[in-house]
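Heads up: the structure comes next, in structure tokens.
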Amino acid sequence: MKRILWPLVALFASTFAVAQKRAFSYDFYGFVRGDLFYNSRANQAPIDGNFYLFPLDRDPDPNGEDLNATPNGSFYSFTTRLGLDVKGPRVGTATSAAKIEVDFGGFSGNHYLLRIRQAYAALAWEGKQEVLAGVTWHPLFGDVVPDVLNLSTGAPFQPFNRSPQIRYRFWPAPAIRLTAAAVWQLQYLSNGPLGASEDYIKNSLVPEIFLGADVTPGEGLTYGVGAHLISLKPRTEAVVGGETFRVKERMTTYTIGAHAKLRRGQWMVAAKTFFASGLDHLAMLGGFGVKSVDEASGQWRYTPFRHSTSWLNVTYGTKWKAGFFLGYSKNLGTDDALVSPDRVYGMGLDIDQLLTCNLHFSYNLPHWQLGLEYCPATAFYGETDLSSGRPRNTHAVTNHRVLGLLMYYF
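The sequence shown runs contiguously to residue 510 in this note's numbering.
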């Protein structure tokens with residue numbers, strides 16, 4: 101009996117496995133990317149200078165010479181990317197899908213190591229609704245994104261972040277899409293008293309919340325709005341008089357934004373604007389500071405920095421493409437006075453204004469792209485006025501960046 105039963109079981113199992121495989125389809129993709137760049141001075145630019153943001157402030161030596169006024173440049177290819185799109189069997193009336201995407205940009209400063217860019221599973225009821233769970237682009241990144249050559253993709257004016265999230269999309273009409281998402285942090289982290297850390301949102305127990313709406317009426321036009329809330333617990337304990345006490349602190353703030361894009365023939369015009377707050381983990385200027393201290397309990401209260409940030413992008417062409425990008429950010433200060441310039445946490449909080457102009461030109465063939473980009477950026481640094489949180493007595497610092505790009509897609 102066993103001699104008959106086991107072959108039947110094996111045959112059933114192998115048939116089921118083949119059927120499962122046949123229910124899936126796989127699309128492998130990626131590219132090899134090489135970035136050759138030059139900067140006229142030192143910059144805020146993670147990933148060994150590849151992810152360019154803004155020029156650093158002057159740092160005078162005893163003779164008054166600026167230590168940051170040193171040119172730099174290099175050539176890298178570790179942003180080379182590999183990806184896999186999976187289409188799976190239907191789940192009721194929904195289609196199932198998944199994505200796994202990696203590059204060699206490293207993690208926590210360890211570059212040239214394989215890291216996850218995206219990893220998620222999704223169910224979609226075509227034209228009606230979609231549920232996604234996993235790591236993908238932050239909802240504030242959105243579908244309206246600058247077309248530039250720099251790896252930073254318009255940051256620090258354009259949000260740049262991929263995070264774990266549960267996202268729901270609903271189409272009440274074919275041209276209208278509503279989005280709601282709960283977002284956590286992993287590789288892109290908020291700053292606080294412990295530096296950049298996942299603990300602030302982990303201890304908060306409140307994920308980032310996003311609500312947005314996009315409209316695509318046709319003829320190449322897209323526009324929409326979005327709102328974002330973040331609530332952090334910067335500390336859970338404080339030391340007073342040599343004793344450690346538990347504290348209950350929270351910093352909650354919000355961001356609102358709008359975006360639009362129009363494609364007509366070989367022209368593309370796109371723009372995005374934010375009244376932003378607490379988005380330093382999205383590679384944007386922002387953060388928060390301490391507004392009061394309870395000397396008895398050691399508890400701190402916080403106030404967020406506000407920024408007005410906008411960008412405009414225009415491109416023309418397909419095979420030969422020329423483009424222009426303009427980004428501007430203005431520090432609007434804090435809602436309340438700060439207690440100390442040393443108790444502020446974020447990125448670029450001593451910058452009053454940041455202006456970037458980007459000119460790029462590329463030659464595009466099937467599977468190939470060659471490009472050249474010139475990006476001058478000027479940051480106006482100053483001393484933080486504790487009464488308003490705004491930098492005063494500013495001075496300008498400018499960097500000139502030139503980038504050469506080679507990409508081979510497959």
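Note that CB positions come from ideal geometry on N, CA and C, so glycine has one too. Here the structure is a predicted model, which is why all the values come from computation and not from measurement.
In terms of DSSP beta bridges, what is F461 paired with?
By one-based count along the sequence shown, residue 461 stands at place 361. Per DSSP, A422 and L472.
On the criterion of 16 or more Cβ atoms from any shown chain inside 10 Å, does V325 qualify as buried, or is it exposed?
Reading the sequence shown from its first residue, position 225 is the one you call residue 325. With fewer than 16 Cβ atoms within 10 Å of its Cβ, V325 is classed as exposed.
Between the stretch 149–165 and the stretch 261–269, can you find at least three pairs of beta-carbon atoms closer than 8 Å?
Taking 8 Å as the limit for Cβ pairs, the verdict is that the stretch 149–165 does not touch the stretch 261–269.
Roughly how far, in whole angstroms, is the beta-carbon of P359 from the beta-carbon of G242, given that I think they are within contact range, below 8 Å?
To locate residue 359, count along the sequence shown from 1; it is residue 259. To locate residue 242, count along the sequence shown from 1; it is residue 142. For clarity, residue 359 is His in the given sequence; the question names Pro instead. Contact flag correct, Cβ pair sits at about 6 Å.
Label G64 either buried or exposed according to how many other C-beta atoms from any shown protein chain fall within 10 Å of its C-beta, with 16 as the threshold for buried.
The chain is shown only over 101 to 510; residue 64 falls outside these bounds and no answer can be derived.
Are the CB atoms of P256 and L156 nearer to each other than 8 Å?
As a position in the sequence shown, residue 256 is number 156, starting the count at 1. As a position in the sequence shown, residue 156 is number 56, starting the count at 1. Not a contact, by the Cβ cut-off of 8 Å.
Any idea what DSSP makes of H495, helix, strand or coil?
As a first step, residue 495 is located in the sequence shown; it is residue number 395 there, counting from the start. Strand at H495.
Around the C-beta of L111, are 16 or more other C-beta atoms found within 10 angstroms, so that it is buried, or is it exposed?
Translated into the one-based positions of the sequence shown, residue 111 becomes position 11. For L111, the predicted model reports a pLDDT of 38, less than 50, meaning its position is unreliable; a value from the coordinates is still stated below. With fewer than 16 other Cβ atoms within 10 Å, it is exposed.
So V283 and S263 are in contact, right, with Cβ under 8 Å, and what is the actual spacing, rounded?
Walking along the sequence shown from the start, residue 283 turns up at place 183. Walking along the sequence shown from the start, residue 263 turns up at place 163. With a Cβ gap of about 5 Å, V283 and S263 count as contacting.
With a cut-off of 8 Å on the beta carbons, I'd call A477 and T456 a contact; round off their distance for me.
As a first step, residue 477 is located in the sequence shown; it is residue number 377 there, counting from the start. As a first step, residue 456 is located in the sequence shown; it is residue number 356 there, counting from the start. Indeed they touch by this definition, with Cβ atoms about 4 Å apart.
From the DSSP output, in three-state form, read off N163 for me.
Locating residue 163 in the sequence shown gives position 63, where the first residue counts as 1. Three-state DSSP puts N163 in coil, outside helix and strand.
Rounding to the nearest angstrom, what Cα-Cα distance links A119 and G188 in this structure?
Taking the sequence shown and counting its residues from 1, the one referred to as residue 119 is at position 19. Taking the sequence shown and counting its residues from 1, the one referred to as residue 188 is at position 88. Residue confidence is low: A119 scores 45 on pLDDT, short of 50, so the model does not pin down where it sits. Its coordinate-derived value is still stated next. Looking at the two C-alpha atoms, the distance is approximately 12 Å.
Judging by CA-CA distance, which residue of I301, S331 and M447 is the nearest neighbour of G387?
Here the question's residue 387 lines up with position 287 in the sequence shown. Taking only the C-alpha atoms, the option nearest G387 is M447.
With DSSP collapsed to three states, give me the class of K302.
In the sequence shown, counting from the first residue as 1, residue 302 sits at position 202. The answer is helix: DSSP assigns K302 an H, G or I state.
Can you find the residues in the same chain that come closer than 6 Å, C-beta to C-beta, to L454, ignoring five residues on each side of it along the sequence?
Working through the sequence shown from its first residue, we reach residue 454 at position 354. Hits under 6 Å: F154, S429 and A479.
Could you check what DSSP says for F380 in three-state terms: helix, strand or coil?
Walking along the sequence shown from the start, residue 380 turns up at place 280. Here the sequence assigns Asp to residue 380, which means Phe is not the residue at that position. Three-state result, D380: helix.
Between E337 and the rest of its own chain, which residues show a CB-CB distance below 7 Å, the 5 nearest in sequence each way excluded?
Working through the sequence shown from its first residue, we reach residue 337 at position 237. Answer for E337: T344, F345, R346 and V347, listed in chain order.
In its own chain, which residues sit with a C-beta less than 8 Å from the C-beta of Y416, not counting the 5 before and 5 after it?
Along the sequence shown, read from residue 1 onward, the residue named residue 416 stands at position 316. Result list for Y416: Q366, W367, M368, A422 and G423, in chain order.
N261 and A383: beta carbons closer than 8 Å?
Counted from its first residue, the sequence shown places residue 261 at position 161. Counted from its first residue, the sequence shown places residue 383 at position 283. Against a cut-off of 8 Å, the Cβ pair of A383 and N261 comes out as a contact.
Considering only the beta carbon of each residue, do H328 and T355 sit closer than 8 Å?
The sequence position of residue 328 within the sequence shown is 228, counting from 1. The sequence position of residue 355 within the sequence shown is 255, counting from 1. Result yes, Cβ atoms of H328 and T355 sit closer than 8 Å.
Please report the residue range of the beta strand (DSSP E) in which N413 lies.
What you label residue 413 is simply residue 313 of the sequence shown in a count that begins at 1. Looking at the DSSP string, the run of the beta strand (DSSP E) that includes N413 is W400 to Y416.
Got a sec? Which residues, its chain only, sit under 7 Å from G205 by beta carbon, not counting five neighbours each side?
In the sequence shown, the residue the question calls residue 205 occupies position 105. These residues qualify, in order along the chain: I147, F178, T179, H211 and R215.
Which value, in whole angstroms, describes the spacing of the CA atoms of P441 and P246?
For the purposes of this step, residue 441 is identified with residue 341 of the sequence shown, where counting begins at 1. For the purposes of this step, residue 246 is identified with residue 146 of the sequence shown, where counting begins at 1. So the alpha carbons of these two residues sit roughly 34 Å apart.
Please return the same chain residues whose Cβ sits closer than 8 Å to the Cβ of I313, not counting the five positions on each side in sequence.
What you label residue 313 is simply residue 213 of the sequence shown in a count that begins at 1. At residue 313 the sequence reads Ala, which differs from the Ile that was named. I276, R277, L278, T279, G324, V325 and G326.
Would you report the Cα separation of S290 and D436, rounded to the nearest angstrom?
Within the sequence shown, residue 290 is the residue found at index 190, counting from 1. Within the sequence shown, residue 436 is the residue found at index 336, counting from 1. Roughly 21 Å between the two C-alpha positions.
When you compare only the Cα positions, how much space is there between E226 and G504?
Locating residue 226 in the sequence shown gives position 126, where the first residue counts as 1. Locating residue 504 in the sequence shown gives position 404, where the first residue counts as 1. When rounded, the distance between both Cα atoms is 40 Å.
For the beta strand (DSSP E) that E337 lies in, which residues bound it at each end?
For this step, residue 337 is matched to residue 237 along the sequence shown. Note, E337: beta strand (DSSP E), E337 to V340.
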